[in-house]
Each structure stands twice: as structure tokens, then as C-alpha cells.
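Data block below; observations after.
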Amino acid sequence: MPAYEYICKDCKKITEVRLSFEEKEKGLNVKCEHCGSENTSQFFGNMMVAANFPLH
Ligand SMILES: [Zn+2]
151 MPAYEYICKD
161 CKKITEVRLS
171 FEEKEKGLNV
181 KCEHCGSENT
191 SQFFGNMMVA
201 ANFPLH
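Residue numbers for the sequence shown follow our numbering, beginning at 151 and rising by one.
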């Protein structure tokens, strides 16, 4: 099962989750493991995403 990284827009922390393709296709909200927020989006770790969601 592939692992995906999601970034929380509230606390800016990364949550790593393992989802099957079926689960991912449903587009379900990933819950932040740090603050419990569902205001998350997939994090690809590239510069453009990092610029949109500064971690520091
Ligand atoms: Zn959070």
C-alpha cells in the first residue's frame, strides 16, 4: 500500500498515511495526526508546494 504525505494547513505539519488506490480515489479527507484538523492537502515535497505552504 503506497504511503502519501499530507500537509496540514492549520499546523503546517506533515501526516504520513497509507491509502489503497480505492481509498485515494474517493478523495477522503486525511485527518492531521498532530492537531486533528481535516484541513489537509497532499504534500509532494517540491519547491512550488513548499512555497505555498511554508514550513518554517
Ligand atoms: Zn494539524
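Note that CB positions come from ideal geometry on N, CA and C, so glycine has one too.
Owing to the predicted nature of the structure, the values given are computational and were not obtained by experimental measurement.
Outcome for residue i when other beta-carbon atoms lying within 10 angstroms are tallied against a minimum of 16
i	result
residue 185	exposed
Residue i: first and last residue of the uninterrupted alpha helix (DSSP H) it sits in
i	result
residue 173	171-175
C-beta atoms of residue i and residue j nearer than 8 Å
i	j	result
residue 159	residue 190	yes
residue 164	residue 193	yes
residue 178	residue 154	no
Limits of the beta strand (DSSP E) - the one that residue i falls within
i	result
residue 167	164-168
residue 187	That residue, residue 187, is in no beta strand (DSSP E); it is neither H nor E in DSSP.
residue 161	Note, residue 161: premise wrong, no beta strand (DSSP E); not H, not E.
*When you get a sec, list the residues whose CB is within less than 6 Å of any heavy atom of ligand 1, chain order please.*
158, 160, 161, 163, 182, 184, 185, 187
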